[in-house]
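Counting from 0, one number per residue, gives the positions in the sequence shown under numbering that gives the first Met the number 0. Note that CB positions come from ideal geometry on N, CA and C, so glycine has one too.
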Amino acid sequence: MDFKFVWEHLPSLLRGLQTTVSVSLIQLVLVNVVGVLGALARTSRIKLLRWVTAAYVEIARNVPELVQIYFVFFVLPSLGYKFSAYTCGIIAMTFFGGGYFIEVYRSGLEAVPKTQFEAATSLALTRFQRMRHVIFPQALRICLPALNGYFLYLVRSTSLLAAIGISEATFVAQDIIAIYFHPFEMFTAVAVLYLLIVWSLSFALRRLENKLKYEL
């Protein structure tokens, strides 16, 4: 293990890690928006809306993530929709991540006892008020552990974006290996960086989970 070589190229790896973190934070917001709206659609009384959302979930969860990334990057431009590699990566990861988050939020909503819906209705609350003040806080408490797990999975999946040329940590490591051929040092360094960031996020999310248990 040539630690000096790793140290010399650590700034480049950290710049790649910044891209990893930025993609992760953006998709954290987007997949939660997709998840909440999709879960409401999945539990809607409108049959067509439920069917369309269910079809989306099946596609997002069953088509390999790399295939979805390639589809957005290579197929959408041929249809007239041209985006940067960075934007394509976020779109693709939001698409397949949203499928998982929809199911988690749906499970949380369905786990709330029906008596809670009935109690909220008896208070003459609107549907939005029922969801905002009564149902959703309970559903979030139920599904938060699963949401945290899937978010960490999406953070690790950012390494797939190297396939479309996004300069995240894995892509930077591959570039350095192509020039200097030090695969052991570079991939070990990338593994350690991912371990540190995922462990840190996992710790923060567990703290948040424990805090919300008492506040929601």
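In the displayed model, Pro63 falls within coil according to three-state DSSP, outside both helix and strand.
Under the three-state reduction of DSSP output, Ser166 falls in the coil class, being neither helix nor strand. Assigned with DSSP and collapsed to three states, Gly34 falls in helix. When the Cα atoms are used, Tyr55 and Lys3 turn out to be separated by approximately 48 Å.
Using a Cβ distance threshold of 9 Å, Ile165 and Thr18 count as a contacting pair.
In terms of CA proximity to Leu9, Phe186 leads the group Ser201, Phe186, Glu208.
Contact holds between the stretch 34-54 and the stretch 101-110, because three or more Cβ pairs, one in each stretch, are under 8 Å apart. When secondary structure is reduced to three states using DSSP, Phe4 falls in the helix class.
Rounded to the nearest angstrom, the Cβ distance from Leu124 to Val22 is 38 Å, too far for a contact under 8 Å. At the C-beta level, Gly96 and Val191 stay beyond 9 Å of one another. Across the structure, Leu27 and Ser121 are spaced so that their CA atoms are roughly 35 Å apart.
Taking a 10 Å sphere around the C-beta of Ala118, we find fewer than 16 other C-beta atoms and assign the residue as exposed.
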